[in-house]
Amino acid sequence: MAGKAKKKARPVVSGLVVLALVATSGYLTLELRKQEAPGIAEVRNVGVLDGAEGSGGATAEARGEERWSRLENPARSVLRDGDGRIQAVLTDGSRTATLTGPARTFEEPTSTSSKVSTTDWVRLMPEPWKKGAEKEKWFEEWYAEYRGSKEDDLFAFAFQYVAGAPQKKDEQGTVYAGDADFGPLNTAGAEGGDLRLEQSDFYDYLGVQYPFRDGAVGTPEAMRAKALDCSGFIRMVLGYRARYPLMSADTGSGDGLPRTANGMARSDEGVDVLPLAGVSPEDRPSAIDQLQPGDLVFFKLDTRTKERLDHVGMVLGYDTEGHLIFVSSREEVNGPTIGDIGGVSRLDGNGYYAKTLRSAKRL
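Residue numbers for the sequence shown, in UniProt numbering: 1 to 363.
Here you go:
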């Protein structure tokens with residue numbers, strides 16, 4: 001099964017009734033968020049990138065006014081300026097780097113009051129990080145190019161698909177960005193049917209065939225045009241836009257990002273920041289302080305998927321209320337969102353998605 005948003009057993013109803021139900025759900029969720037009690041995953045370290053130099057056996061090396069140090073859990077290198085302010089966090093085995101850059105704010109007023117103001121910019125390095133890579137030519141050239149850069153990063157890509165995002169076209173006239181749906185309406189009318197169909201991948205959104213490295217060719221379906229389910233959204237942002245390698249399915253030859261949320265969570269790609277212990281409620285991580293912007297987070301929402309994880313999102317950062325927010329594509333909002341409809345997009349507390357979080361990975 002591909003990526004999945006919050007699942008409920010419900011018959012398919014008319015469009016007007018659906019809109020009314022979604023609107024009511026949004027209102028109730030906004031009210032409930034005011035009363036939400038802290039949960040076991042309450043954030044204890046706001047400012048997730050902060051870490052005292054020397055913790056975990058850190059060693060520092062002077063480089064002009066900048067200093068490199070090493071931290072553990074997960075093993076990573078941290079670059080600080082002469083005043084001790086973090087400039088970059090690079091995790092061993094991961095290609096995503098979190099750099100400090102110009103301040104910006106992400107918001108989605110049509111579906112949430114949350115705003116994430118951040119100086120974090122998450123970019124894809126050409127090679128996985130390893131201890132000592134700061135001395136290698138590839139990193140020096142890459143960092144010189146992106147240090148302080150305002151060129152689109154993963155977060156900029158992600159927000160080019162939320163409600164109201166303007167279309168962008170390439171030189172061939174293909175629309176590669178703009179307001180995306182989650183998927184077409186489910187008109188089958190089966191008992192327990194979901195509001196919208198899954199399995200809309202990035203090439204469905206694009207409306208063009210996509211040749212994968214294993215020889216398979218992704219062929220778009222017309223009814224899925226401009227649609228991205230949750231894993232399709234992550235593959236669009238990380239794969240098609242940032243050029244992380246993509247697999248055509250969950251299994252097959254070669255490496256890369258698998259097709260589904262379950263495939264991504266269980267793959268050998270990247271670094272397991274919150275290792276998967278299981279899919280039951282008892283397997284919810286007890287702490288989420290290890291998470292940082294750009295991490296992929298995986299959820300268990302639906303008992304019908306049995307042992308499979310069925311939803312994926314990307315950590316965006318802390319909102320102005322101090323809650324850790326993620327962005328994903330969901331059926332209630334009908335597309336990519338940090339919204340509250342169908343459940344607040346928080347990873348801390350006892351909300352729907354906080355309770356169903358099971359693991360996290362840093363690619």
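Glycine included, every Cβ here is placed at the ideal spot set by N, Cα and C.
TODO: Taking Asp-120 as part of the beta strand (DSSP E), name the residues at either end of that continuous run.
DONE: 115-124
Open item on the list: Quick check on Lys-131: does DSSP put it in helix, strand or coil?
Closed with: coil
- [ ] Please name the residue or residues paired with Lys-355 in a DSSP beta bridge.
- [x] None, per the DSSP bridge assignment.
Task: CA-to-CA distance, Leu-185 to Arg-76, given in whole angstroms - done: 44 angstroms
Task: Extent of the continuous alpha helix (DSSP H) to which Tyr-143 belongs - done: 137-146
- [ ] Evaluate Thr-260 with the Cβ neighbour count: other Cβ atoms within 10 Å of its Cβ, from every protein chain shown; 16 or more gives buried, anything less gives exposed.
- [x] buried
Open item on the list: Determine whether the beta carbon atoms of Phe-326 and His-311 lie at a separation below 8 angstroms.
Closed with: no
TODO: Indicate whether at least one CB of chain C lies closer than 8 angstroms to the CB of Glu-221.
DONE: The chain inventory of the structure shown lacks chain C, comprising one protein chain alone.
Task: Inter-residue spacing [alpha-carbon to alpha-carbon] between Ser-69 and Leu-79 - done: 7 angstroms
TODO: Tell me whether the beta-carbon of Val-315 lies closer than 8 angstroms to the beta-carbon of Pro-293.
DONE: yes
Open item on the list: As a quick exercise: from Ser-113, Leu-347, Lys-226 and Asn-334, pick the residue whose alpha carbon is nearest that of Ala-195.
Closed with: Going by the sequence as given, residue 195 is Leu instead of Ala. Per the Cα distances, Asn-334.
- [ ] Leaving aside the five residues before and after Lys-169 along the sequence, list all residues of the same chain whose C-beta is less than 6 angstroms from its C-beta, in chain order.
- [x] Val-175
Task: Nearest-angstrom Cα separation, counted from Arg-346 out to Tyr-352 - done: 8 angstroms
TODO: Flag this pair as yes or no: are the beta carbons of Phe-233 and Ser-111 separated by less than 8 angstroms?
DONE: no
TODO: Take the Cβ of Val-217 as the centre, count every other Cβ of all protein chains shown within 10 Å, and call the residue buried at 16 or more, exposed below.
DONE: exposed
- [ ] State buried or exposed for Gly-183, treating a residue as buried only when at least 16 other CB atoms are found within 10 Å of its CB.
- [x] buried
Task: Burial state of Ala-222 (16 or more Cβ within 10 Å) - done: exposed
TODO: Determine the extent of the beta strand (DSSP E) in which Arg-85 is found, giving its start and end residues.
DONE: Note, Arg-85: premise wrong, no beta strand (DSSP E); not H, not E.
Task: Stretch-stretch touch, CB-based, cutoff 8 angstroms, three pairs: the region 148-162 with the region 89-108 - done: yes
Task: Alpha carbon of residue 385 to alpha carbon of Glu-136, nearest angstrom - done: As shown, the chain starts at 1 and ends at 363. That puts residue 385 outside it, with no answer to give.
Open item on the list: Quick check on the DSSP output: what are the complete beta strand (DSSP E) runs of length 3 or more inside the region 260-308, in order along the chain?
Closed with: 271-274 and 296-299
- [ ] Please state whether DSSP places Ala-158 in a helix, a strand or coil.
- [x] helix
- [ ] Report yes if the C-beta distance between Leu-309 and Arg-358 is below 8 angstroms; otherwise report no.
- [x] yes
Task: Cβ neighbours of Met-247 in the same chain (closer than 6 angstroms, five flanking residues each side left out) - done: Gly-256 and Pro-258
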